[in-house]
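Okay, structure first, notes after.
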Amino acid sequence: MTRVRWGGSLLEEAAVHADRVLLSVAPHAVEAAATGGPAEVATFTPQLDEADLAVRVVGRVPAPSGGVSLPDARVVVSGGRGAGSADGFAPVLELAALLGAAVGCSRAVTIAGWRPHTEQVGQTGTKIAPELYIAAGISGATQHLAGTRGAKRILAVNKDAEAPIMAAADYAVVGDMAEVLPAISAEIRRRRGA
Ligand SMILES: Cc1cc2nc3c(=O)[nH]c(=O)nc-3n(C[C@H](O)[C@H](O)[C@H](O)COP(=O)(O)OP(=O)(O)OC[C@H]3O[C@@H](n4cnc5c(N)ncnc54)[C@H](O)[C@@H]3O)c2cc1C
Numbered sequence: 036m037t038r039v040r041w042g043g044s045l046l047e048e049a050a051v052h053a054d055r056v057l058l059s060v061a062p063h064a065v066e067a068a069a070t071g072g073p074a075e076v077a078t079f080t081p082q083l084d085e086a087d088l089a090v091r092v093v094g095r096v097p098a099p100s101g102g103v104s105l106p107d108a109r110v111v112v113s114g115g116r117g118a119g120s121a122d123g124f125a126p127v128l129e130l131a132a133l134l135g136a137a138v139g140c141s142r143a144v145t146i147a148g149w150r151p152h153t154e155q156v157g158q159t160g161t162k163i164a165p166e167l168y169i170a171a172g173i174s175g176a177t178q179h180l181a182g183t184r185g186a187k188r189i190l191a192v193n194k195d196a197e198a199p200i201m202a203a204a205d206y207a208v209v210g211d212m213a214e215v216l217p218a219i220s221a222e223i224r225r226r227r228g229a
C-alpha cells in the first residue's frame, strides 16, 4: 500500500504484516466504485478496563462555523498574511459567501489571531479536497500546500509572481488581493444580474 507521510511530502510504499488493518482515506481522495462482491461489515466492541483509559474525552466544543465545512467544501476561499489584518479578510468572506464556499486561511493568519484555528488549511490544520481552491495572499509554504493536495484546481492571487503558490496553481493572478477579490465578486454579481 502507499502511505502518505510528512504532510503529503513523502509517499511511502509499505507492506502490511498485521492481522488487523486500519485504513483511512481522505475525503474526496478516491472515487467510490463497486468492486463486485459484498463486503462483510462486523461491529468491533473493544473490551477496556480503567488502565486503558489514559486519555478521556471530557467534553466537546462545537467549532464556530459559517455553515460550510472545510473538509467537505466544493469551493474554499483562503486568505494569508497578504490580507494585512483581520479587517483585510472582508473580500475573502465576501467572495466565499457569493460562491457558497468555506473560508480558509494560512497559519500566519491564525497565529496573528485574525481568524480561528478551525479555518487553518495545511499540515497542522485541515486537509481540503475541493473542486476549486482560491488562495489569496498566501505564499504557498510546504506546510500549507500539504493541506491542499486534494484540490482539483487552484487559483492563486498574489502580488509576487515568484511566490511558490504560483507554481502550484492552475490559474494565477499577479495583483493585490484587496483589488482582485472584489473585482471577481463584482463580476460574479454582474453575471448573475444582481
Ligand atoms: C511544523 C510547522 C507546521 C506548519 N503548519 C502550517 C499549516 O498547517 N498551514 C499553514 O498555512 N502554514 C503552516 N506552517 C507555516 C508555514 O511554514 C508558513 O509560515 C505559512 O504558511 C505562511 O503563511 P502565509 O503564506 O499567509 O504568509 P507569508 O509566507 O508571509 O506569505 C504572504 C504572501 O502574501 C503575498 N502578499 C502580500 N501582500 C499581498 C497583497 N496585498 N495581495 C496579494 N498578495 C499579497 C506575499 O507576496 C506572500 O507571498 C507550518 C510551519 C511549521 C514549521
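Here the sequence shown is numbered in the working numbering, starting from 36 and rising by one per residue.
Each residue gets a CB set at the ideal place from its N, CA and C atoms; glycine is no exception.
Any heavy atom of ligand 1 nearer than 5 Å to the CB - residues listed: Each of 115, 116, 117, 141, 142, 143, 157, 158, 159, 160, 172, 173, 174, 176, 178, 179, 193, 194, 195, 198, 211 and 212 has a C-beta closer than 5 Å to some heavy atom of ligand 1; these make up the full list, in chain order.
Residues near residue 177 by beta carbon distance below 7 Å, same chain, minus five either side: Contacts found: 44.
Whether residue 118 touches residue 175 by CB criterion (7 Å): no
Inter-stretch contact at 8 Å, needing at least 3 Cβ pairs: the segment 122–141 / the segment 71–82: no
Sequence ranges, beta strand (DSSP E) only - wholly within the segment 185–229, length at least 3: 188–193 and 206–209
From 158, 166, 192 and 93, residue whose alpha carbon lies closest to that of residue 32: Shown here, the chain extends from 36 to 229; a query on residue 32 therefore has no answer.
Start-to-end residues for the alpha helix (DSSP H) that takes in residue 146: 142–147
Residue 170 - containing beta strand (DSSP E), residue span: 167–171
Bridge partner(s) assigned by DSSP for residue 37: 48
Beta-carbon proximity of residue 92 to residue 137, cut-off 7 Å: no
Member of 111, 189 and 36 whose CA lies at the smallest distance from the CA of residue 53: 36
contact_flag[the segment 137–152, the segment 111–128] where n(CB pairs < 8 Å) is 3 or more: yes
Beta-bridge pairing of residue 161 - partner residues as DSSP gives them: 156
Reduced DSSP category for residue 108 - H, G, I as helix; E, B as strand; rest coil: coil
Under the three-state DSSP convention, the category residue 117 falls into: helix
Span separating the alpha-carbon of residue 168 from that of residue 57: 30 Å
Residue 178 - containing alpha helix (DSSP H), residue span: First-last of the alpha helix (DSSP H) with residue 178: 177–180.
Separation of residue 166 from residue 89, as counted between CA atoms: 40 Å
Same chain, Cβ closer than 7 Å to residue 51, five either side skipped, listed in chain order: So the list reads 36, once near-sequence residues are dropped.
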